[in-house]
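K.L.:
Residue numbers (this note's numbering): 43 to 1014. Next up is a structure, given as structure tokens.
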Amino acid sequence: MPANLNNNSFATATNITTTAGSSPLTGSLSTTVGGDLADYYRFSLSSGSNLKIVLNGLTGDAKLSLYRRTDSAVATESDLVQNLPTNNQGRLSDVIVLNDAAAVAGTYYLKVDLDPSAPTADYNLSVVTSSSESSGSILWRNSSANVFAPWKIQDTTIVGTSSQTISGDYVLVGTGDFDGDGNNDFFWQNRNPSSSEYGTVAIWWTNDGMTYAPGSAAIRDSLGNIIKVGQEWNVQSLKDLDGNGTADILWRNLASGDIAMWLMGKDPQTGVPTISGGTILNRALGFTLPTSSGWDVVGVNNVDGQFGADVLWKNRFSNQVALWTLSSTAILSATVLPIQPPLDYKIIGFVDVSGDGQADIVWRSDQRNQLAIWKMNGTTLVDSVAYSVPSAYKVVAVKDLNGDGIADFLWRNTDNGQGGTYGWLMGGGNNGLAYKAALQLSFANGNTPVVGAAYEVLGVHDFDGFNNTTSQILWRGQGGDVYVWKMDGLTIVESKLLSSSTGSAWQLPSLNYGDYKEPQFGVVQLASQFQTIGGSSSVEAFDIGVLNNKGTYTDTVSNRNNKTDWYKFKVLQSTDFKASDGNTSVSLELFKADANGNFTTTSVPYPTEGGTITLDTGTYYLKVNAGGISNGLLPYTLNIEGVPRTIDVFGTNFRLAETTATTAPTDNTIFSTDLPDVTNTNTPEKKTVRSFLTIKNGGTVKTGSFKVRYYLSRTATIDPNNVNTVLLKTVNVTNGVDPVVAGSQDPNTGTITLTEDLVLPDGQNLDPKKFWTRDAGTYYIGAVIDADNNLAEGAEGELNNSNRGNFLDSSSFVANNVQVFELVGQSFSIANPKVFVPGDNDGLVINYTVQNQGRRSITSNNKFNIQFVLSKDNIINNSDDSILASAVAELGNLPGSTPSGPGTSGPQTYTIFLPDSLDAFWKQYSGGGTQTVYVGMKIDSANFIEESVEDNNFSQGLGIDFATFQVNLGAP
């Protein structure tokens, strides 16, 4: 991806948003000229927040730094936060997490910069903040239109809406926090007997109070089967029944009277909702509750101060009241209370109105104009109170109006058009059963609104739950207009119209408890959402990236309801892996994914914590399990390390010396050696030199056996495929090379040195023929390491097996006493320049010289020819040339070169005659008139002399072995 050079300082930082779910930013860093060494970003927080910053998708090692300013000045390096930057190495993802509102208000800067070890790095960057704010959602459902259209509300403002098509067969039963993330999830049930999905129950996980999150699905049993529940089963509660911090489901079978409990969880692999436990409670106790008995569940709340919820029963025929106290899936006690109120008393609430943290029972008799409260301590009635309230006043909600955690009463009187709305703030008196205030609701200016019977209270909810004194009352009129009142105690702070077109077809979910309903709302608790790293399931696993180095991730995992954290990573080559968690109450499990990277239950045997195992290529999932007996969060520090089992062999020192040397030369003097004098035999003596080659293994594991080949080359590039490259020797390194010792400062760690004698070709070029080109010339000997590619080094490792440079894996040297022929032309010119014509009787007189730059002399027995050629251009021996067959000179007795210079033929002269005008050569010229013609010579045109270099016998240059002259071709 292209680099962004516009954000490479604090002053030019890119402004970013921090909304959860927004697409990550991308960037590219590089140390190349014109590259981008660092990128800077900026965002602002208006209040204390939780913060998570993730740098992942890395192709190289990059660092992440966080800076903060609480004023308007631009940040500097001195504004670094909490001893950062991050130090995860290699391609492992980096994370910065600040919880408990540690990210205070201010302007924040992020710097992403390359680690010095990395030449390049592409990256993804995401920033999520969770400020001290809360919101809720109004869950509108229009079954006839197959639409679910929630509103996300913050304070009195709609901050988000969504419209989703859902079959009218599905009823939105209610909400509950089934995964313990602080957000209410949505519980659905298909209640249409004609539907193929009849009885299906499903949970929508939600992070925003409106839309579903990954893993939302039908509830399954422990075998993975979808569970279906008939419409005879009614949901009685979606509260936490077993005290593990997540919502459960309490069912009542209206036909059999059975009451069942489902303890809910989330499948750690797929993220879909599952049942982690459950039972039919009444059967566990040993008796049934038939429909004919008349017993109804009229409330679920806590009466004994223990974790979980308890069940309140009332007999509709006798008005007897019973309480079940629960512990997980067991009934601790089943008690029928001794007092039996008259049948005109209805239970309208099972909530804490006294402030002792335990639910109380609220009764209302319109016939007797009474409101009664029973204060409970477990299953014991410890106190009670009765208030005289005319029947014209209706209790429309028993909810906390002022944020003190105690339920209050919201009353309405619509008789005779009065339209008054009243509130009682409870928790007063010695027993908590007195009201602390009882007033008609009014605005801050004292005005009391009149709300007629055309309006109904849909519910009371706290849409900004972090403000301790407010709640909101939701109204709807018969015309479809929806209002919200923001309350501060019994004062209406604001009255606001939310919609004018939400008619009766749009309904809110509620749980029915006989004589009253409990409206259901969405809850989105952003500020209480602890920012974590590990995902709650394999689907949400945190992606560590490519495991090729060390990384550290600090997080917590809950041991409630078998909570787990999940991570995943990729292994691109065989890798030594180890991990530890730093907490004896936490354990680790490792799983290998399928070929597509999807989770499977294929478990990888895990060693003792901190031990090492070798992983093959693929994707892996690491599961963090919580143990221990405490009911809370367990901190852990996941230290994870992957050391790829790499082999990387390359040369670090290559020297040449005479065979008398016992150690490698240490200076950079060019080695010079004399070839033996040439004898007049067919097996001339050859020269042997000694080589010293140091090979290093920069990988992490010892190599197997491999071969090293030594080559002789005319150029600095060792190319085994070049016809002029000579193989000198092949050496088998059978014992391999150990890897470099990590952290060692010893330059010799991970190295071996090969001392090999290499036999050079003879100086007469008989074996092999034609290598040497000139005496006292520079030549090269180099090594190709792992010449047969027997070692699996990877693409990058193969690139440095040869041609790293002089004195690394090759060495230049000077060869003296080379006995070869080397013929070249010199001093080529026209002795009688004029404008010639085709067939000119005056011959073209050519002066020239032939040099022998080799040391070997040409005798009279080794004569060679010189062929003269006409050409239209300066490329002699091209297709447009005219070879003058009769124009051939002959030379011999050419001495070899000496220290004073090359051997020479001395000045030579030769006359050639131009072909007549009919010759095809002249037809190449157009336009007639005077034209330029080239004439050149080809030395040893018949290849009688075996030279090392044959391609310098012609076309070497104007005045060297060719010249030009003028020819008049006449009229065109």
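Just so you know, even glycine gets a beta-carbon here, dropped at the ideal spot from N, CA and C. All values derive from a computational prediction rather than experimental measurement.
From Phe359 to Ser335, what distance separates their C-alpha atoms?
P.N.:
For the purposes of this step, residue 359 is taken as the residue at position 317 of the sequence shown. For the purposes of this step, residue 335 is taken as the residue at position 293 of the sequence shown. Distance between the alpha carbons of Phe359 and Ser335: 8 angstroms.
K.L.:
If Val154 sits next to Ala104, beta carbons under 8 angstroms apart, how far is it from one beta carbon to the other, in whole angstroms?
P.N.:
As a first step, residue 154 must be located in the sequence shown, where it is residue number 112. As a first step, residue 104 must be located in the sequence shown, where it is residue number 62. With 8 angstroms as the limit, Val154 and Ala104 qualify as a contact, their Cβ atoms being about 6 angstroms apart.
K.L.:
Within 10 angstroms of its Cβ, does Lys308 collect 16 or more other Cβ (buried), or is it exposed?
P.N.:
Along the sequence shown, read from residue 1 onward, the residue named residue 308 stands at position 266. Buried: at least 16 other Cβ atoms inside 10 Å.
K.L.:
Closest by CA to Glu683, which one among Lys610, Val599, Asp346, Leu516?
P.N.:
Indexing the sequence shown from 1 puts residue 683 at position 641. For the residues Lys610, Val599, Asp346, Leu516, the minimum Cα distance to Glu683 belongs to Lys610.
K.L.:
With distances taken Cα to Cα, identify the nearest neighbour of Asp300 among Ile322, Ile317, Lys281.
P.N.:
Your numbering for residue 300 matches position 258 in the sequence shown. Comparing Cα positions, the closest option is Ile322.
K.L.:
May I ask which residues mark the beginning and end of the beta strand (DSSP E) holding Asp982?
P.N.:
Here residue 982 refers to the residue found at position 940 of the sequence shown. Where Asp982 is concerned, there is no enclosing beta strand (DSSP E), given that its DSSP letter is neither H nor E.
K.L.:
Hey, Tyr822 and Thr715 are a contact pair by Cβ (cut 8 angstroms); roughly how many whole angstroms apart?
P.N.:
Residue numbering aside, residue 822 sits at position 780 when the sequence shown is read from its first letter. Residue numbering aside, residue 715 sits at position 673 when the sequence shown is read from its first letter. With a Cβ gap of about 13 angstroms, Tyr822 and Thr715 do not count as contacting.
K.L.:
Measure how close the beta-carbons of Asp922 and Gly693 come, nearest whole angstrom, since I'm counting them as under 8 angstroms.
P.N.:
In the sequence shown, counting from the first residue as 1, residue 922 sits at position 880. In the sequence shown, counting from the first residue as 1, residue 693 sits at position 651. That belief does not hold up - the Cβ atoms of Asp922 and Gly693 are roughly 49 angstroms apart, past 8 angstroms.
K.L.:
Can you tell me which residues form a DSSP beta bridge with Ile1002?
P.N.:
Against the sequence shown, residue 1002 aligns to sequence position 960. Answer is none; Ile1002 lacks a bridge partner.
K.L.:
Of the residues Ser983, Asn681, Gln615, Leu676, which one's Cα is nearest the Cα of Ala621?
P.N.:
In the sequence shown, counting from the first residue as 1, residue 621 sits at position 579. Residue Asn681 is the option with its Cα nearest to Ala621.
K.L.:
Taking the alpha-carbon positions, what's the Ala160 to Gly102 distance?
P.N.:
In the sequence shown, the residue the question calls residue 160 occupies position 118. In the sequence shown, the residue the question calls residue 102 occupies position 60. In this structure, the CA atom of Ala160 is about 6 angstroms from the CA atom of Gly102.
K.L.:
Which class does Ala758 belong to by DSSP, given the choice of helix, strand or coil?
P.N.:
Position 716 of the sequence shown, counted from the start, is the residue given in the question as residue 758. Correct three-state label for Ala758: coil.
K.L.:
Looking at chain B, is there any beta carbon in it that lies within less than 9 angstroms of the beta carbon of Ala434?
P.N.:
Protein chains in the displayed structure number just one, and chain B is not present.
K.L.:
Suppose the cutoff is 8 angstroms on Cβ atoms and the five residues either side in sequence are ignored; what does the same chain contact list for Asp121 look like?
P.N.:
The count along the sequence shown starts at 1 and reaches residue 121 at position 79. Apart from sequence neighbours up to five positions away, the residues of its chain that approach Asp121 with a beta-carbon distance below 8 angstroms are Tyr109, Arg110, Arg111, Tyr151, ordered along the chain.
K.L.:
Measure the alpha-carbon distance for Asn985 versus Val801 and round it to whole angstroms.
P.N.:
On the sequence shown, residue 985 is found 943 positions in, with the first residue counted as 1. On the sequence shown, residue 801 is found 759 positions in, with the first residue counted as 1. Between Asn985 and Val801, the C-alpha separation is close to 29 angstroms.
K.L.:
So the beta strand (DSSP E) Ala635 belongs to, where does it begin and stop?
P.N.:
The residue you call residue 635 lines up with position 593 of the sequence shown. No beta strand (DSSP E) holds Ala635; DSSP gives it neither H nor E.
K.L.:
Only counting the same chain, and skipping five residues up and downstream in sequence, which positions put a Cβ closer than 6 angstroms to that of Thr797?
P.N.:
Position 755 of the sequence shown, counting from 1, holds the residue named residue 797. Once the five neighbours on either side are set aside, the close Cβ partners of Thr797 are Phe734.
K.L.:
Keeping to the same chain, check which residues put their C-beta closer than 7 angstroms to that of Gly778; ignore five residues upstream and five downstream.
P.N.:
Taking the first residue of the sequence shown as 1, we reach residue 778 at position 736. Closer than 7 angstroms at Cβ, skipping near neighbours: Lys744, Thr745, Gly746, Ser747.
K.L.:
How many Å lie between Thr661 and Asn591 at the Cα?
P.N.:
One-based indexing of the sequence shown puts residue 661 at position 619. One-based indexing of the sequence shown puts residue 591 at position 549. Going from the Cα of Thr661 to the Cα of Asn591 covers about 16 angstroms.
K.L.:
Taking contact to mean at least 3 C-beta pairs separated by less than 8 angstroms, is the segment 126 to 141 in contact with the segment 181 to 197?
P.N.:
When Cβ pairs closer than 8 angstroms are counted between the two stretches, the segment 126 to 141 is seen not to touch the segment 181 to 197, the count staying below three.
K.L.:
Quick check on the burial criterion: 16 or more other C-beta atoms within 10 angstroms. Buried or exposed for Ala495?
P.N.:
What you label residue 495 is simply residue 453 of the sequence shown in a count that begins at 1. It is exposed - the Cβ of Ala495 has fewer than 16 other Cβ atoms within 10 Å.
K.L.:
Assign Gln615 to one of three DSSP states: helix, strand, or coil.
P.N.:
Stepping through the sequence shown from its first residue, residue 615 is reached at position 573. Of the three classes helix, strand and coil, the one that applies to Gln615 here is coil, per DSSP.
K.L.:
Is the segment 839 to 847 close to the segment 869 to 884, with three or more CB pairs under 8 angstroms?
P.N.:
No, the segment 839 to 847 does not touch the segment 869 to 884.
K.L.:
May I ask you to report which of helix, strand or coil DSSP gives Thr59?
P.N.:
Numbered from 1 along the sequence shown, position 17 holds the residue referred to as residue 59. The three-state secondary structure of Thr59, taken from DSSP, is coil.
K.L.:
Looking only at C-alpha atoms, which of Asn444, Gln412, Ile448 sits nearest to Tyr435?
P.N.:
As a working mapping, residue 435 is identified with position 393 in the sequence shown. Tyr435 has its Cα closest to that of Gln412, out of Asn444, Gln412, Ile448.
K.L.:
Is Gly257 buried or exposed, if buried means 16 or more other CB atoms sit within 10 Å of its CB?
P.N.:
Residue numbering aside, residue 257 sits at position 215 when the sequence shown is read from its first letter. Its Cβ being crowded by 16 or more others within 10 Å, Gly257 is buried.
K.L.:
Apart from the five residues just before and just after Ala1013, which ones in its own chain have a Cβ nearer than 7 angstroms to its Cβ?
P.N.:
Residue numbering aside, residue 1013 sits at position 971 when the sequence shown is read from its first letter. Hits under 7 angstroms: Gly970.
K.L.:
Have a look at Arg897 and Phe713 and give me their C-alpha separation to the nearest angstrom.
P.N.:
Counted from its first residue, the sequence shown places residue 897 at position 855. Counted from its first residue, the sequence shown places residue 713 at position 671. Rounded to whole angstroms, the gap between the alpha carbons of Arg897 and Phe713 is 21 angstroms.
K.L.:
For Thr60, I'd like the list of residues in its chain whose CB is within less than 7 angstroms of its CB, leaving aside the five on either flank, ordered along the chain.
P.N.:
Position 18 of the sequence shown, counted from the start, is the residue given in the question as residue 60. These residues qualify, in order along the chain: Phe85, Val169, Val170, Thr171.
K.L.:
For Glu700, name the three-state secondary structure that DSSP assigns.
P.N.:
Position 658 of the sequence shown, counted from the first residue, corresponds to residue 700. Here Glu700 sits in coil by DSSP.
K.L.:
Below 9 angstroms between beta carbons: does that hold for Asp804 and Glu727?
P.N.:
Taking the sequence shown and counting its residues from 1, the one referred to as residue 804 is at position 762. Taking the sequence shown and counting its residues from 1, the one referred to as residue 727 is at position 685. Yes.
K.L.:
Provide the residue span of the beta strand (DSSP E) that contains Glu683, from first to last.
P.N.:
Start at 1 with the first residue of the sequence shown, and residue 683 comes out as number 641. Looking at the DSSP string, the run of the beta strand (DSSP E) that includes Glu683 is 675 to 686.
K.L.:
Using three-state DSSP, classify Ala962 as helix, strand or coil.
P.N.:
Mapped onto the sequence shown, residue 962 falls at position 920. It is helical.
K.L.:
Using the DSSP secondary-structure output, state which residues sit across from Val137 in a beta bridge.
P.N.:
In the sequence shown, counting from the first residue as 1, residue 137 sits at position 95. DSSP, once it has assigned bridges, lists Val96 as partnering Val137.
K.L.:
So is Asn225 buried or exposed if we call it buried at 16+ other beta carbons inside 10 Å?
P.N.:
One-based indexing of the sequence shown puts residue 225 at position 183. Burial call: buried.
K.L.:
Where does the unbroken beta strand (DSSP E) through Val342 begin, and where does it stop?
P.N.:
The count along the sequence shown starts at 1 and reaches residue 342 at position 300. Per DSSP, Val342 belongs to the beta strand (DSSP E) from 337 to 343.
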